[in-house]
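Enquirer:
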Amino acid sequence: MNSCPRPLRVVSLGLMAALAVAPALQAQTSAVSKPVASATASDEPIVMSEFNVAGTDDGWVATNALSGTRTNMNLRELPRSIQVVTSEFMNDIGALTLTDATDFMSGITNVGNQDQTNDNNTYQVRGFRQNKPYRNGMREPFAGMLFDSATMDRVEVLKGPSSLLAGVAEPGGMFNSVSKLPRPKREISLTVRGDNWGMLRGEIDASMPLGARLATRLVLVRQAGDAWQQFAWANRTVYYGSLSYKVAENTRYTANLEYIDYLACPPAPRSTVASTSPLAAFTWHRNGAINGLDLNGTYIPWDFNPLGPNNRRTQRIVRAGNQVEHRFNPMFSLRVAGNFTRMHRIDRRLSGTQISTRVVNGLTVPSTTALSSTNDDETVNTYTAQGDLVGRFHYWRIAHQAILGAEYIDTDNHRIRDNTPALTPYVFGGTVQPAWTEMLDSSRYTLPNNRLNAHARRRGYSLTNVFALFDNRAHLMAGVRHDEGTIINRNPIGLDALARYQRVKENANSPTVGAAYRVNEWLSVFTSSSRSFAGVPVSAIDIYGKPLDKQVGGKGYDVGIKTALFQNRVFFNAAGFQVDQINGTRQAVTSDIIEAGLDPLVVTGARSIQDVSARSRGWESDVTVKLFDGYQIAGTYTNLHAYVTANKSNPAAVGGPVSQGPGRESWSFFHKYDLPGGLFKGLTLTHGVVFRDSRRPTVPGFTRQDASASFRATIFQRRVAFTVRVQNLQDIKYWEGFQSRGAPRTTSFSLNTRL
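If you use the numbering used here, the sequence shown corresponds to residues -13 to 741, in order.
This is the structure we're talking about:
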């Protein structure tokens, strides 16, 4: 393994945003979505309850969320399906990344984990891809952004079309990870962790009040070591700081800054054979994936990596945010936020994992793998400004909360990518693979692939209303967001005029309506209808030679229940849903050109048509149970069918699964038991199961089990916890996603103490 520490670049960032406020009106205080109060005044964080959820979690259970309206709302009053994973739950399952946490979410399927070469940090929400999560309510600029659980307080998933909150969003839903804020009391946590593959990790999390008005929180993470695949390793360093300042009695300022320095030799994607190869018969449903298979006497190891030890990914991420919250009076409050995100990634990697074959003694066996190399340098800078003016009114026994929102996003994407001609192929059985050395020769990168300069400017304006009726038992939600934007792509090495310069306009309205009714103290029912848009496809032209101009959109419907039983010991949520994706893109065929009255001999080159649609429907549920003090259970279940509803050029695909779609059934189960006193005092046991069925169209299903044991003791007057965690107890070979192989049995050890 190679370790290549980099000096920390000092980054100084600032962003200001403003929102004009209408003259104040006379009204009474509203009771809509009253936030959960802290236990005592001294325990309250230095934040305003209207715009923050700090201090509202109870272990694994979150009662409030920001991802419905960008304000602190009680989940039972929101007519939307929202699931929240708290930091305590992430700690109990041993999650280090966002990918780890999604195993225990309903309606979510991983496509590729964070350290993957391809499809890293990509998910499917209700059957549709979502590869650009949100951070603190602001869209991340790049699909391969990195996350570390040490800086995340919670993860909220708003399911179904969600453009009212998020603007550009895929129809399945959106992820929103919320950064940690300073705590009201001094707390310092030290954690050391390692596993049997060689990974070592150290973590410091310190929250320090600096008086009654100011508090800070600092997090430092250093992780390095080998991964389980051949040649793969990953190092990352995380610096995070946040600050909360009480400027005045009704004014708060919060800021956070995160820097991630990542260096890795990523694991290889799956190795495959062509669908026409005789060896495809050995693969699952002829999907071509050969890892872990014996191919006529040639075994392809599960950890096989033909790309060698010299692939490198260097990635540096900066997230900087500022937020001012002000309460003018009991009626009006204002939030103004600014955010800057920078992602710089350099990939130098071999590619080519499809295997050629030859015949030996009448048997087809693997022969070679064609290899070439890519040097890919990409930088994405994003500036985001948001403002929310909240008004609370009361009239005719109706409590009304109105939220007027505005958002501006400015993104610059610069990419330089060069390829090599074909290098020496990988030869099965060879002891030396020349391409592993050839890729290091910079003079070989003679084939320019991309010189992208893309600039996107987006603006969004929203109005959301929540009405509470019948003594706060019924809640109606109605809102709409208008988005408009301009995307300009420049690529001077493009083969035609459109490839060299393209200008795309966005213009969309996204309404949401819903209703929730509290039947009694423990049961609420809800229904909602929502819309979303995912932008206009770029770098494509229609059969007339013009850029595509339709918004890829989504519409969804939910109906469900939310419960809190037995004095809040059981929380159960369930929703039935239908989500439709419209204006998907396909390649035009000759019949399309003829139907348009054009000559197929004149209309040449790749042309696209936006008439593909898909649908997912099903139901999902999650439950959290505290049977008695010391024993908790969390479970999820999803049953969905994601399928193509229209594809004129490929009628056989209609009714079939969406590309790389999920299976029908998935579920998870996790329980934790703090053993009673006496001989077992201080001992905690956990056990988890993650299930994905075998109806995934591209990879087989799996059932994975995890377990851990923790022991807490007092050593030198310090509370110390020792934890042994085993993931994949059965040591099965399983596919996390289309490109991502699951790790074999992994045993990790950790030690934690609080100062």
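Each residue gets a CB set at the ideal place from its N, CA and C atoms; glycine is no exception. Note that the coordinates shown come from a computational prediction; the quantities given were computed from them, not determined experimentally.
According to DSSP, is residue 533 helix, strand or coil?
Expert: The residue given as residue 533 occupies position 547 in the sequence shown. Strand.
Enquirer: What are the complete alpha helix (DSSP H) segments, minimum 4 residues, inside the region 117 to 200?
Expert: List check, alpha helix (DSSP H) in window: 149 to 152.
Enquirer: Could you give the distance in angstroms between the alpha-carbon of residue 251 and the alpha-carbon of residue 529?
Expert: To locate residue 251, count along the sequence shown from 1; it is residue 265. To locate residue 529, count along the sequence shown from 1; it is residue 543. Roughly 42 Å between the two C-alpha positions.
Enquirer: Here's the rule I'm using: 16 or more other beta-carbon atoms within 10 Å means buried, otherwise exposed. How should residue 680 be labelled?
Expert: Taking the first residue of the sequence shown as position 1, residue 680 is located at position 694. Result: exposed.
Enquirer: Measuring only the C-alpha atoms, how far is residue 25 from residue 731?
Expert: For the purposes of this step, residue 25 is taken as the residue at position 39 of the sequence shown. For the purposes of this step, residue 731 is taken as the residue at position 745 of the sequence shown. In this predicted model, residue 25 has a pLDDT of only 38, less than 50, meaning its place in the structure is not dependable enough to derive any value.
Enquirer: Look at the alpha carbon of residue 341 and the alpha carbon of residue 599, and state the distance between them as a whole number of angstroms.
Expert: Reading the sequence shown from its first residue, position 355 is the one you call residue 341. Reading the sequence shown from its first residue, position 613 is the one you call residue 599. Their backbone Cα atoms lie some 34 Å apart in a straight line.
Enquirer: Tell me whether residue 282 sits in a helix, a strand or coil according to DSSP, three-state version.
Expert: Your numbering for residue 282 matches position 296 in the sequence shown. Reduced to three states, the DSSP call for residue 282 is coil.
Enquirer: What is the residue span of the beta strand (DSSP E) that residue 303 lies within?
Expert: Locating residue 303 in the sequence shown gives position 317, counting from the first residue. Taken as a continuous stretch (DSSP letters only), the beta strand (DSSP E) holding residue 303 covers 298 to 313.
Enquirer: Use the C-beta contact count for residue 498: other C-beta atoms within 10 angstroms, 16 or more gives buried, fewer gives exposed.
Expert: Indexing the sequence shown from 1 puts residue 498 at position 512. By the neighbour-count rule (16 or more Cβ atoms within 10 Å), residue 498 is buried.
Enquirer: Give the range of the alpha helix (DSSP H) segment to which residue 79 is assigned.
Expert: Mapped onto the sequence shown, residue 79 falls at position 93. Where residue 79 is concerned, the enclosing alpha helix (DSSP H) stretches over 73 to 79.
Enquirer: Can you give me the Cβ contacts of residue 564 inside the same chain, cut-off strictly under 8 Å, excluding the 5 residues immediately before and after it?
Expert: Mapped onto the sequence shown, residue 564 falls at position 578. Here the set comprises 542, 543, 601, 602, 603.
Enquirer: Would you list the one or two residues that DSSP bridges to residue 718?
Expert: Against the sequence shown, residue 718 aligns to sequence position 732. Residue 718 pairs with nothing; no bridge assigned.
Enquirer: Leaving out five residues before and five after residue 696 in sequence, what residues of the same chain have Cβ atoms less than 6 Å from its Cβ?
Expert: As a working note, residue 696 is residue 710 in the sequence shown. Correct list, in chain order: 670, 707, 709.
Enquirer: Note down the Cα distance separating residue 37 from residue 148, rounded to an integer number of angstroms.
Expert: In the sequence shown, residue 37 corresponds to position 51, counting from 1. In the sequence shown, residue 148 corresponds to position 162, counting from 1. One C-alpha to the other measures close to 19 Å.
Enquirer: Between residue 138 and the rest of its own chain, which residues show a CB-CB distance below 8 Å, the 5 nearest in sequence each way excluded?
Expert: Counting from one through the sequence shown, the residue named residue 138 turns up at place 152. Result list for residue 138: 73, 76, 84, 163, 164, 165, 166, in chain order.
Enquirer: Could you check if residue 446 is buried or exposed, using at least 16 other CB atoms within 10 Å of its CB as the buried criterion?
Expert: The residue you call residue 446 lines up with position 460 of the sequence shown. Buried is the call here.
Enquirer: For residue 17, count neighbouring Cβ atoms within 10 angstroms of its own Cβ and tell me buried if that reaches 16, exposed if not.
Expert: Here residue 17 corresponds to residue number 31 of the sequence shown, with the count starting at 1. Residue confidence is low: residue 17 scores 41 on pLDDT, short of 50, so the model does not pin down where it sits. No coordinate-derived value is stated.
Enquirer: Distance, Cα to Cα, residue 296 vs residue 422?
Expert: Locating residue 296 in the sequence shown gives position 310, where the first residue counts as 1. Locating residue 422 in the sequence shown gives position 436, where the first residue counts as 1. Those two C-alpha atoms are separated by around 6 Å.
Enquirer: I'd like to confirm the pairing. Which residues does DSSP put opposite residue 685 in its beta bridges?
Expert: Start at 1 with the first residue of the sequence shown, and residue 685 comes out as number 699. Its beta-bridge partners do not exist; DSSP assigns none.
Enquirer: What do you reckon, are the CB atoms on residue 82 and residue 246 nearer than 8 Å?
Expert: The residue you call residue 82 lines up with position 96 of the sequence shown. The residue you call residue 246 lines up with position 260 of the sequence shown. Result no, Cβ atoms of residue 82 and residue 246 do not sit closer than 8 Å.
Enquirer: Please report how far the alpha carbon of residue 126 lies from the alpha carbon of residue 574, in whole angstroms.
Expert: Within the sequence shown, residue 126 is the residue found at index 140, counting from 1. Within the sequence shown, residue 574 is the residue found at index 588, counting from 1. About 32 Å.
Enquirer: Beta-carbon within less than 6 Å of residue 610's beta-carbon, same chain only, minus the 5 sequence neighbours each way: which residues are those?
Expert: Residue 610 sits at position 624 when you count from the first residue of the sequence shown. Excluding residues within five positions, the ones whose Cβ falls inside 6 Å are 46, 47, 557, 620.
Enquirer: Spell out the partners DSSP gives residue 541 in its beta bridges.
Expert: The residue labelled residue 541 in the question sits at position 555 within the sequence shown. Beta-bridge pairing links residue 541 to 517, 566.
Enquirer: On the premise that residue 57 lies in contact with residue 389, defined as a C-beta separation below 8 Å, what is that separation, rounded to the nearest angstrom?
Expert: Locating residue 389 in the sequence shown gives position 403, counting from the first residue. Locating residue 57 in the sequence shown gives position 71, counting from the first residue. About 6 Å; that satisfies the 8 Å criterion.
Enquirer: Sort 65, 78, 50 by Cα distance to residue 617 and report the nearest one.
Expert: Within the sequence shown, residue 617 is the residue found at index 631, counting from 1. With distances taken between Cα atoms, residue 617 lies closest to 78.
Enquirer: Along the alpha helix (DSSP H) that carries residue 577, what are the first and last residues, could you check?
Expert: Here residue 577 is taken as the residue at index 591 of the sequence shown, counted from 1. Per DSSP, residue 577 belongs to the alpha helix (DSSP H) from 576 to 581.
Enquirer: Using three-state DSSP, classify residue 316 as helix, strand or coil.
Expert: What you label residue 316 is simply residue 330 of the sequence shown in a count that begins at 1. Note: residue 316 maps to coil in three-state DSSP.
Enquirer: With H, G and I counted as helix, E and B as strand and the rest as coil, what does DSSP make of residue 741?
Expert: Along the sequence shown, read from residue 1 onward, the residue named residue 741 stands at position 755. If DSSP states are grouped into helix, strand and coil, residue 741 belongs with coil.
Enquirer: Could you pull the start and end residues of the alpha helix (DSSP H) that residue 85 belongs to?
Expert: Position 99 of the sequence shown holds residue 85. Where residue 85 is concerned, the enclosing alpha helix (DSSP H) stretches over 84 to 88.
Enquirer: Using the Cα positions of residue 182 and residue 145, report the straight-line distance between them to the nearest angstrom.
Expert: Mapped onto the sequence shown, residue 182 falls at position 196. Mapped onto the sequence shown, residue 145 falls at position 159. Distance between the alpha carbons of residue 182 and residue 145 is about 37 Å.
Enquirer: To the nearest angstrom, how far is the alpha carbon of residue 742 from that of residue 136?
Expert: Residue 742 lies beyond the residue range present for the chain, which begins at -13 and ends at 741; the question has no answer from this structure.
Enquirer: Tell me whether the beta-carbon of residue 519 lies closer than 8 Å to the beta-carbon of residue 500.
Expert: Numbered from 1 along the sequence shown, position 533 holds the residue referred to as residue 519. Numbered from 1 along the sequence shown, position 514 holds the residue referred to as residue 500. For residue 519 and residue 500, no; Cβs fall outside 8 Å.
Enquirer: Does the beta-carbon distance from residue 370 to residue 442 come in below 8 Å?
Expert: Position 384 of the sequence shown, counted from the first residue, corresponds to residue 370. Position 456 of the sequence shown, counted from the first residue, corresponds to residue 442. No. Outside cutoff.
Enquirer: Taking the DSSP output, what are the residues bridged to residue 247?
Expert: Taking the first residue of the sequence shown as 1, we reach residue 247 at position 261. DSSP, once it has assigned bridges, lists 223, 302 as partnering residue 247.
Enquirer: Let me check understanding here. Comparing Cα to Cα, which of 156, 179, 657 lies closest to residue 739?
Expert: Against the sequence shown, residue 739 aligns to sequence position 753. Among 156, 179, 657, the Cα nearest to that of residue 739 is on 179.
Enquirer: For residue 423, report the span of its alpha helix (DSSP H) as first-last.
Expert: Within the sequence shown, residue 423 is the residue found at index 437, counting from 1. Element bounds for residue 423: 421 to 424.
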